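So the protein lines, in turn, are chains A and B.
Anchor point for the first sequence: position 48 equals 48 in my numbering, and the numbering is continuous, going up by one each time.
Start counting at 1 in the second sequence, then tack on 1000, and there's your number in my numbering.
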Amino acid sequence: MAPKITRADVEHVAQLARLALTEDEIAALTGELGVILEYAAEVSALEIDDVPPTAHPLPLVNVLRADEVRPVLDRDEVLEQAPAAEDGRFRVPRIMGEAP
Amino acid sequence: MTDTALELAADVRAGRRSAREVVDEHLAAIDARDAELHAFNHVMVDGARAAADAVDVSVAQGDDPGALAGVPIALKDNLCTRAVPTTCSSRILDGWRPPYTATVVDRIAAAGGIPIGKTNLDEFAMGSSTENSAFGPTRNPHDPTRVPGGSSGGSAAAVAAGFAPLALGSDTGGSVRQPAALCGVVGVKPTYGAVSRYGLIAFASSLDQIGPIATTVTDAALLLEIVAGHDPLDSTAIAEPAPRLRDVLDEGVAGLRIGIVEELTDAEGIRPEVVAAVEDAARALEKGGATVDRVAVPSATYGLSAYYLIAPAEASSNLARYDGVRYGLRVEGDDAAAMNAKTRDAGFGAEVKRRIMLGTYALSAGYYDAYYGQAQRVRTLIIRDFNRAYDTFDALVSPTSPTTAFELGAKTTDPLAMYLSDVCTIPSNLAGHAAMSVPYGAGADGLPIGVQVLAPALGEPVMFRVAKVIEDASP
C-alpha cells in the first residue's frame, strides 16, 4: 500500500531535492505524487524478498587507466559558461553564516 | 527528398553529387516547413555547410570521406556539441554551449556525416509526446494536430519530414522507438552499453541508450554500425567492436523462432488495429520461413510501475548537478542553498520537477526498500522472464505504441495516461536488451503503426534481419 502523500511530505521532499516550489506546485504535486505512487505500489506489494535486486543490466567492472597527464577540458572555455566566475574559479554565494 | 542515407553517401563518395548540394537541399526543406513542425531547437546552418565543403574537398582530392559522406544527421538536443547550444529543451540549460562533443557525434563526423541541427525533445527526455519541451511542442509531419511521440519527437519528426535522412535519439523507456512508430520511421534502442554515452546528458543512467532513427532498416543499420563500439570515455560501453549488421540484413528469417509477447500485445489500452498489424507482420515472418508462436513474459506487466520508480530515482540524482553554479541558469538567493533551490524551481518544467520529487521520495529514508529496492527486484524478474523466452525464441515481436499518434494536449493533464504510452517499450530498457520499431501500415486514422522487434543483449544482428523482413512486407 502506498502511504498517503501529505503536503508536509511534499515540502520535506522539495527541501531534500532543493526545489523552491510555489504554493500552486506544492498543491498539485501533493495529489499527483499520490496517484503515481499508488500505481507504483503494485511492485511494493510483491513478495519477492528472495529475488536479488538488479542495479544495472551489465555486470559493471571498475575501469582503470594509467595515471598520465593528458589534455582535459579547457578551463577558460568551461568557466565562460558559468553564471559567475572569478580568478579562474566558479563564483558562488555565501555557503556558511558570518563568523561569530 | 526520398533518397536514403545509403544512396546519398554513395553519390557523394562517387562524386555524382556534392555534399554541399545535399546539405543545402535539406536546409531548404527545413526552412520551408520547420516553422510549422518545430523539429529543431537549433539548425547548424554554417557548421553543416562548412562540414559539407570539407567533405567535398576530400572527395575532390581522391580521398574517401567515409560511409556517411555528406549525409545530414539530426541530433537530439541532449547530445553535447562543442560550442553549439545544447539545451535538453530546458530553461535551465538555455544558452549553454558545451566545452566538449559526444563520442557519437565525433564518430558521425569522422565518417563524413554532417550534423545539421539539434532536435526538440521532452525536457531532459522526460515524456512521450515532446510537449514537455520548454520551447514548445514538435508536431507530427503526418498530421500537425498530432504529437510526434517522445521524447525524441524532434528527431523522429525531422526524419519523417525529410529534414535529414538520419537522426540520433536517446531511449530510456521507449524514447526512440515510440516516436519512430508515431512518425512512421525506423527507431532502434541498441543493447545497453552497445553505444557510448559520453556526451549524452544523463537522465536515468542504468537505462539510457543512444539509438538511430532512419527511414529504412538498412539506413538504421548503417548509422548504428558507425556509432556503436567501445569507447574508453564511457565505463558502461561494452568492450566489443560494433556489430556488422548490413552484412546479415538480407539473410532472411528462415528457421528463426519468433515469439509474440502476450503481455505486451494483449494488454489493456492497446488498440485492436495495432495488434492486427503485429499479427500480420508475424504472418509475413512465417511466410519467410520463421516459426511463430505466442510467448509469456509475465513480469513485463510490472515494467511500467518499476520504471516509474527506477527512472525518477536515478533522474533525481543525475539532475542534482543543475545547481546554478557551473553552467546554465542562475537565480540569485541569499545564500548558496537558496540560490540552488530558486534556480531549480525557475529552470525546470513541471514534468521534470514531478519526477525529481517522485525519485527523491522513492530514495528517501524509510521508503528506499519499499520502492527503489523493490523495483530493482522486479527488474531481475523481467530479465529472468525474457531470458527464459530467449531459450525458445530467437527474437520477439509486439506493438511499439498502444495507439497511433494522439492529438496535442490529449494527455498533458494526466501524467499516468502519458506514462502508459511506453508500456510496450519499457521492459527492454529494464532488461538492457535490444529492441527496435519498424513501420507497418497505418491505422484507421491514416497514421503510421509501428511493430516492435525485441532481441536479447547483443542480439542486434538477428533483430535487424527480422526487422528487414517486416519492412519488406509492410503494406
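A virtual CB, placed ideally from N, CA and C, is assigned to each residue, including glycine.
Please read these numbers as outputs of a predicted model, since none were measured by experiment.
Query raised in the report: Exposed or buried, P1298 of chain B, counting other C-beta atoms within 10 Å across all chains shown (16 or more means buried)?
Result: The residue is exposed, with fewer than 16 neighbouring Cβ atoms inside 10 Å.
Requested in this report: Would you mind stating whether A1009 of chain B and V1071 of chain B have Cβ atoms separated by less than 8 Å?
Outcome: The answer is yes: Cβ separation under 8 Å.
Query raised in the report: If you follow the alpha helix (DSSP H) that T1130 of chain B is part of, which residue opens it and which one closes it?
Result: Per DSSP, T1130 of chain B belongs to no alpha helix (DSSP H) and is neither H nor E.
**Report entry** Exposure label - L64 of chain A; buried when at least 16 CB within 10 Å
**Finding:** Classification for L64 of chain A: exposed.
Query raised in the report: Taking all protein chains shown into account, do 16 or more other C-beta atoms lie within 10 angstroms of the C-beta of Y1368 of chain B, making it buried, or fewer, making it exposed?
Result: Exposed is the call here.
Report task. Using beta-carbon positions only, say whether G1149 of chain B and P1115 of chain B come within less than 8 Å of one another. Result -> No.
Query raised in the report: What residue range is occupied by the uninterrupted beta strand (DSSP E) comprising P1448 of chain B?
Result: Taken as a continuous stretch (DSSP letters only), the beta strand (DSSP E) holding P1448 of chain B covers 1448–1455.
Query - Closest residue to N1041 of chain B among B:L1068, B:M1339, B:D1077, B:A1346 (Cα-Cα distance) - result: Taking only the C-alpha atoms, the option nearest N1041 of chain B is B:D1077.
Query raised in the report: Which partner residues does Q122 of chain A have in the DSSP bridge list?
Result: Past the boundaries of the shown model lies residue 122 of chain A; chain A is included only from 1 to 100, so the question cannot be answered.
Query raised in the report: Excluding the five sequence neighbours on either side, which residues of its own chain have a C-beta within less than 6 Å of the C-beta of G1443 of chain B, listed in chain order?
Result: Result list for G1443 of chain B: E1273, T1404, I1449, in chain order.
Query raised in the report: Name the chain A residues that come within less than 9 Å of I968 of chain B, Cβ to Cβ?
Result: Lying outside 1001 to 1475, the shown extent of chain B, residue 968 of chain B is not represented and no answer is given.
Query raised in the report: Using the beta-carbon count (16 or more within 10 Å), is T6 of chain A buried or exposed?
Result: So T6 of chain A ends up on the exposed side.
Query - Neighbour-count burial assignment, K1468 of chain B, 16 or more Cβ in a 10 Å radius - result: It counts as buried.
Query raised in the report: Should G1333 of chain B be flagged as near chain A, meaning a C-beta pair shorter than 8 Å?
Result: Chain A contact via Cβ: present.
Query raised in the report: With a CB to CB cut of under 8 Å and the five nearest residues on each side skipped, what residues in its chain are close to A1254 of chain B?
Result: Exclusion of the five residues before and after A1254 of chain B leaves G1288, G1289, A1290 as the residues of its chain whose Cβ lies within less than 8 Å of its Cβ.
Query - Residue ranges of each beta strand (DSSP E) within the segment 1196–1260 of chain B, 3 or longer - result: Runs found: 1209–1214.
Query raised in the report: So which of A:Q81, A:P57, A:E32 has the shortest CA-CA distance to A1457 of chain B?
Result: It is A:P57.
Requested in this report: Kindly indicate which residue of B:P1098, B:S1398, B:Q1209 has the alpha-carbon position closest to the one of G1229 of chain B.
Outcome: Per the Cα distances, B:Q1209.
Report task. Would you kindly work out how many angstroms separate the C-alpha atoms of D1335 of chain B and R94 of chain A, rounded to a whole number? Result -> Looking at the two C-alpha atoms, the distance is approximately 5 Å.
Requested in this report: Kindly identify the DSSP beta-bridge partner or partners of L1079 of chain B.
Outcome: Answer is B:L1200.
Query - Identity of the residues DSSP links to A1434 of chain B by a beta bridge - result: Beta-bridge partners assigned by DSSP to A1434 of chain B: B:A1455.
Requested in this report: Closer than 6 Å by C-beta to D982 of chain B: which residues in its own chain qualify, once you throw out the five before and the five after it? Chain order, please.
Outcome: Summary: the structure shown does not reach residue 982 of chain B, with chain B confined to residues 1001 through 1475, and so no result is reported for it.
Report task. Given a cut-off of 8 Å, decide if I1426 of chain B and G1187 of chain B are closer than it, judged by their beta-carbon atoms. Result -> I1426 of chain B is positioned such that its CB atom lies no closer than 8 Å to that of G1187 of chain B.
Requested in this report: State yes or no: is the C-beta of V1185 of chain B within less than 8 Å of the C-beta of A1164 of chain B?
Outcome: Cβ distance not < 8 Å, so V1185 of chain B and A1164 of chain B don't count as in contact.
Report task. Could you tell me the distance, in whole angstroms, from the CA atom of A1035 of chain B to the CA atom of R1354 of chain B? Result -> Each residue's Cα considered, the two are about 30 Å apart.
Query raised in the report: For F1040 of chain B, which three-state DSSP category applies?
Result: Strand.
Requested in this report: Please state whether DSSP places K4 of chain A in a helix, a strand or coil.
Outcome: DSSP places K4 of chain A in the coil class of the three-state scheme, outside both helix and strand.
Query raised in the report: Taking 8 Å as the CB-CB cut-off, is M1463 of chain B touching chain A?
Result: Interface criterion not met: the Cβ of M1463 of chain B is under 8 Å from no Cβ in chain A.
Requested in this report: Determine, using beta carbons only, whether A27 of chain A comes closer than 8 Å to chain B.
Outcome: Not closer than 8 Å to any Cβ of chain B, the Cβ of A27 of chain A fails to qualify, so no.
Query raised in the report: On the three-state DSSP scale, how would you describe D1385 of chain B?
Result: Helix at D1385 of chain B.
Query raised in the report: Which residues of chain A have a Cβ atom closer than 8 Å to the Cβ of I1356 of chain B, listed in chain order?
Result: For I1356 of chain B, the neighbours in chain A by C-beta distance under 8 Å run, in chain order, A17, L19.
Report task. Check each residue of the segment 1226–1239 of chain B: if its Cβ is closer than 8 Å to any Cβ of chain A, include it; give the result in chain order. Result -> So the list reads P1232, S1235, T1236, I1238, given in the order they occur along the chain.
**Report entry** Under 9 Å from the C-beta of R94 of chain A: neighbouring residues of chain B
**Finding:** Under the 9 Å cutoff, chain B gives D1334, D1335, A1336.
Query raised in the report: In terms of residue numbering, what span does the alpha helix (DSSP H) encompassing T1343 of chain B cover?
Result: Note, T1343 of chain B: alpha helix (DSSP H), 1336–1347.
**Report entry** Limits of the unbroken beta strand (DSSP E) element including A1362 of chain B
**Finding:** It is not in any beta strand (DSSP E) - A1362 of chain B instead sits in the alpha helix (DSSP H) that spans 1350–1363.
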